[in-house]
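Q: Have a look at the structure that comes next, please.
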Amino acid sequence: MSQQRPTTLNFITGNANKLAEVQAILGAVDGLTLQSRNVEGAEIQGSIEEVARDKCSRAAEAIGGPVLTEDTALEFQALKGLPGPYIKHFLGALGHDGLNNMLAAYEDKTAFAVCTFAYCAGPGQEPILFQGRTKGKVVPARGPPVFGWDAVFEYEGKTYAEMDKAEKNVVSHRGKALEKLKIWLAGGDLEP
225 MSQQRPTTLN FITGNANKLA EVQAILGAVD GLTLQSRNVE GAEIQGSIEE
275 VARDKCSRAA EAIGGPVLTE DTALEFQALK GLPGPYIKHF LGALGHDGLN
325 NMLAAYEDKT AFAVCTFAYC AGPGQEPILF QGRTKGKVVP ARGPPVFGWD
375 AVFEYEGKTY AEMDKAEKNV VSHRGKALEK LKIWLAGGDL EP
């Protein structure tokens with residue numbers, strides 16, 4: 225895939241925690257300026273990838289230039305991938321306890337945290353996806369409940385909320401996706 229690498233990325237988010245994590249993980253990529261922009265819009269229903277591509281394409285149209293969008297999903301194995309890309313709405317309606325209650329009838333508490341960054345060079349261009357996945361499990365909330373569902377997602381004995389930011393950024397779904405983006409921005413190829 226031979227798209228020209230951007231020098232400026234408009235990261236589409238209104239979430240200060242997300243912006244801080246992206247800046248910390250991407251660090252200083254030579255020749256790249258990352259700026260935050262907030263573009264409101266409804267999300268389509270579909271797979272993680274369909275939602276990410278649509279959101280990114282619409283943001284590129286709204287901005288009129290290159291954009292980077294991010295979508296986070298939490299897939300429960302026992303529920304065949306639900307709530308998936310709709311986790312924000314489930315969390316808002318049910319809270320941490322409600323997410324646990326969704327799995328109360330199941331022995332399997334396995335969950336996959338999925339982060340999909342999408343880059344689009346501008347209006348009419350096809351988005352490129354960078355996805356990271358982390359396997360963990362859903363547990364009763366532990367740690368500060370300040371960032372989404374971090375307090376109920378446990379990876380190797382600690383919830384994301386119990387980890388310091390640097391530790392989380394190394395193992396998280398977001399960190400894995402951003403590592404792929406960094407390689408691409410540096411001129412590397414995408415994984416098949």
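Each residue of the sequence shown is one higher than the last, beginning at 225 in this note's numbering. Each residue gets a CB set at the ideal place from its N, CA and C atoms; glycine is no exception.
1. Start and end of the beta strand (DSSP E) containing F235?
2. Assign T293 to one of two classes, buried (16 or more other C-beta atoms within 10 Å of its C-beta) or exposed (fewer than that).
3. Short of 7 angstroms in beta carbon distance, which residues of its chain neighbour N241, apart from the five on each side in sequence? Order them along the chain.
4. Using 8 angstroms as the Cβ pair cut-off and three pairs as the minimum, do the region 280-288 and the region 298-312 touch?
5. Can you list, in chain order, the residues of its chain whose CB lies under 7 angstroms from that of V275, leaving out five sequence neighbours each side?
6. Tell me the rounded alpha-carbon separation between A410 and A244.
7. Put P416 into one of helix, strand or coil per three-state DSSP.
8. With DSSP as the reference, please indicate the residues paired to E378 in a beta bridge.
9. Report the rounded CA-to-CA distance for L233 versus P351, giving the unit in angstroms.
10. L298 by DSSP, collapsed to three states: which one?
11. Check this for me: beta carbons of F354 and A297, under 8 angstroms apart or not?
12. Quick one: is Y423 buried, meaning 16 or more other Cβ sit within 10 Å of its Cβ, or exposed?
13. Taking all protein chains shown into account, decide if G348 is buried (16 or more other Cβ within 10 angstroms of its Cβ) or exposed.
14. From K404 to F341, what does the alpha carbon distance come to, in whole angstroms?
15. I think K361 touches K392, with their Cβ atoms under 8 angstroms apart; what is that distance to the nearest whole Å?
16. Go to R261, then tell me how far its beta strand (DSSP E) extends in each direction, as first and last residue.
A: The relevant details are as follows:
1. As a first step, residue 235 must be located in the sequence shown, where it is residue number 11. Taken as a continuous stretch (DSSP letters only), the beta strand (DSSP E) holding F235 covers T232 to I236.
2. For this step, residue 293 is matched to residue 69 along the sequence shown. Buried is the call here.
3. Numbered from its first residue, the sequence shown carries residue 241 at position 17. Contacts found: F371.
4. no
5. The residue labelled residue 275 in the question sits at position 51 within the sequence shown. Correct list, in chain order: E267, I268, D295 and P309.
6. As a position in the sequence shown, residue 410 is number 186, starting the count at 1. As a position in the sequence shown, residue 244 is number 20, starting the count at 1. Whole-angstrom Cα-Cα distance: 21 angstroms.
7. The residue labelled residue 416 in the question sits at position 192 within the sequence shown. Bear in mind that the predicted position of P416 carries a pLDDT of just 42, short of 50, making it too unreliable to give a figure here.
8. Position 154 of the sequence shown, counting from 1, holds the residue named residue 378. K361 and T383, per the DSSP bridge assignment.
9. Working through the sequence shown from its first residue, we reach residue 233 at position 9. Working through the sequence shown from its first residue, we reach residue 351 at position 127. Using only the alpha carbons, I get a separation of about 13 angstroms.
10. Reading the sequence shown from its first residue, position 74 is the one you call residue 298. Note: L298 maps to strand in three-state DSSP.
11. Within the sequence shown, numbered from 1, the residue matching residue 354 stands at position 130. Within the sequence shown, numbered from 1, the residue matching residue 297 stands at position 73. For F354 and A297, no; Cβs fall outside 8 angstroms.
12. Outside the shown range of the chain, which is 225 to 416, sits residue 423, and nothing can be said about it.
13. The sequence position of residue 348 within the sequence shown is 124, counting from 1. So G348 counts as exposed.
14. What you label residue 404 is simply residue 180 of the sequence shown in a count that begins at 1. What you label residue 341 is simply residue 117 of the sequence shown in a count that begins at 1. For K404 and F341, the distance between alpha carbons rounds to 10 angstroms.
15. Taking the sequence shown and counting its residues from 1, one reaches residue 361 at position 137. Taking the sequence shown and counting its residues from 1, one reaches residue 392 at position 168. Wrong, their Cβ atoms sit about 16 angstroms apart, outside the cutoff.
16. Position 37 of the sequence shown holds residue 261. T257 to R261 is the extent of the beta strand (DSSP E) around R261.
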